[in-house]
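Visitor: Right, I'll just put the structure down here and ask away after.
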Amino acid sequence: MRFGFLQVTFYSSATRWAFSRSPPSLYPLPHPPPFPPARFLRRTTLFKSIDLLCNENRLINISPYSPPLKSSNISWFRYTTYHICMFSVHFLIYDMTTLPLALLAPDGVGDTFGGGGDYELFLGEMRHKYGVPELLSRMIWTLELGFTVYNGMAVMYHGFAMFSIGSGVWCGEEWPKLMDKPWLSTSLSELWGKRWHQTLRVSRHDTSLTES
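Rendered as structure tokens:
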């Protein structure tokens, strides 16, 4: 049901863009796409509709909801390789941080296929089977969960950016380094609200594009 709701909201946004008499306009890119087919595609209504599916909650480079993108001297190749490297690093860290759970509780919270498990039962097993105090298990679980969630979000973000920029359709400036250096965040609200949640959150219907 949730998936169906998301599809309806996504498609309705694209439909509003495609058939609106006064759709929002895009600012010119800092530099043209590297491939001629991508340049042609970005001028089409089809691209603008599809782009809105990914960009409705970010509103990056859409007039008048955000400022124009600033040009950088970084090439298309460097942007692509950067996101490939970051995707690989975060994926490796994600795999390493989930490995202990897969080894300690393969049929419970560490189920590789996401079967889930009883958290309290996991704590009991750690206490009786391995002699780990419950408080220490909870502390380790909290750290484990934090590393897993952050690196999982970074894997998704850099994965999307890797394919989007690599295709030549999107430029690197449209994918800022939101998931880098989380320790520089001024608060948890800034980290979650501005870096991740506003970038890849589920679509909402009450956006400023509703009247377009």
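Mind the numbering: the sequence shown is residues 1 to 212 in full-length UniProt numbering, read in order.
C-beta atoms are modelled at their ideal positions from N, C-alpha and C, and glycine is treated no differently.
Quick check: what's the CA-CA separation for F19 versus G152?
Guide: For the purposes of this step, residue 19 is taken as the residue at position 19 of the sequence shown. For the purposes of this step, residue 152 is taken as the residue at position 152 of the sequence shown. Whole-angstrom Cα-Cα distance: 36 Å.
Visitor: Could you check how far apart the C-beta atoms of G159 and F87 are, in whole angstroms? I think they sit under 8 Å.
Guide: Taking the sequence shown and counting its residues from 1, the one referred to as residue 159 is at position 159. Taking the sequence shown and counting its residues from 1, the one referred to as residue 87 is at position 87. Confirmed, about 5 Å.
Visitor: Leaving out five residues before and five after N61 in sequence, what residues of the same chain have Cβ atoms less than 7 Å from its Cβ?
Guide: In the sequence shown, the residue the question calls residue 61 occupies position 61. Only L26, Y27, P68, L69 and E174 meet the Cβ criterion.
Visitor: Exposed or buried, which one is C85 when buried takes at least 16 other CB atoms within 10 Å?
Guide: The residue you call residue 85 lines up with position 85 of the sequence shown. Looking at its Cβ environment, which holds fewer than 16 other Cβ atoms inside 10 Å, C85 is exposed.
Visitor: Return the residue from the list T45, P33 and L29 that minimises the CA-CA distance to R21.
Guide: Residue 21 sits at position 21 when you count from the first residue of the sequence shown. If we check each option's Cα against that of R21, T45 comes out closest.
Visitor: Nearest-angstrom Cα distance between H128 and E134?
Guide: Along the sequence shown, read from residue 1 onward, the residue named residue 128 stands at position 128. Along the sequence shown, read from residue 1 onward, the residue named residue 134 stands at position 134. H128 and E134: Cα-Cα distance of roughly 10 Å.
Visitor: Put I93 into one of helix, strand or coil per three-state DSSP.
Guide: Locating residue 93 in the sequence shown gives position 93, where the first residue counts as 1. DSSP places I93 in helix when its eight states are reduced to three.
Visitor: At the level of alpha carbons, what is the spacing between R39 and M179?
Guide: Start at 1 with the first residue of the sequence shown, and residue 39 comes out as number 39. Start at 1 with the first residue of the sequence shown, and residue 179 comes out as number 179. Distance between the alpha carbons of R39 and M179: 28 Å.
Visitor: Run the CB neighbour count on V155, radius 10 Å, all protein chains shown included, and call it buried at 16 or more, exposed below.
Guide: By 1-based counting over the sequence shown, the position of residue 155 is 155. Flag for V155 reads buried.
Visitor: Assess contact between the segment 164 to 172 and the segment 72 to 79, defined as three or more Cβ pairs (one per stretch) separated by less than 8 Å. Is contact present?
Guide: Enough Cβ pairs lie closer than 8 Å, so yes.
Visitor: Out of L121, L145, S75 and S63, point me to the one whose CA is closest to D95's CA.
Guide: Counting from one through the sequence shown, the residue named residue 95 turns up at place 95. For the residues L121, L145, S75 and S63, the minimum Cα distance to D95 belongs to L145.
Visitor: Skipping 5 residues on each side, what residues in its chain have a beta carbon closer than 7 Å to that of L41?
Guide: As a first step, residue 41 is located in the sequence shown; it is residue number 41 there, counting from the start. F47 and V169.
Visitor: Do P182 and Y150 count as a contact pair if the criterion is CB distance below 8 Å?
Guide: In the sequence shown, residue 150 corresponds to position 150, counting from 1. In the sequence shown, residue 182 corresponds to position 182, counting from 1. In contact: Y150 and P182 (Cβ atoms closer than 8 Å).
Visitor: Per DSSP, what kind of secondary structure is L121 in: helix, strand or coil?
Guide: For the purposes of this step, residue 121 is identified with residue 121 of the sequence shown, where counting begins at 1. If DSSP states are grouped into helix, strand and coil, L121 belongs with the helices.
Visitor: Who are the near neighbours of T98 in its chain, counting only those whose CB is closer than 7 Å to its CB and skipping five residues on each side?
Guide: Numbered from 1 along the sequence shown, position 98 holds the residue referred to as residue 98. Excluding positions up to five away in sequence, the list reads T148.
Visitor: Can you tell me where the alpha helix (DSSP H) holding F40 begins and where it ends?
Guide: Indexing the sequence shown from 1 puts residue 40 at position 40. Counting along the chain, the alpha helix (DSSP H) containing F40 begins and ends at P36 to R42.
Visitor: Nearest-angstrom Cα distance between P100 and W141?
Guide: Position 100 of the sequence shown, counted from the start, is the residue given in the question as residue 100. Position 141 of the sequence shown, counted from the start, is the residue given in the question as residue 141. Each residue's Cα considered, the two are about 10 Å apart.
Visitor: What three-state label does DSSP hand S63 in the structure shown?
Guide: As a first step, residue 63 is located in the sequence shown; it is residue number 63 there, counting from the start. In this structure, S63 counts as strand in the three-state DSSP scheme.
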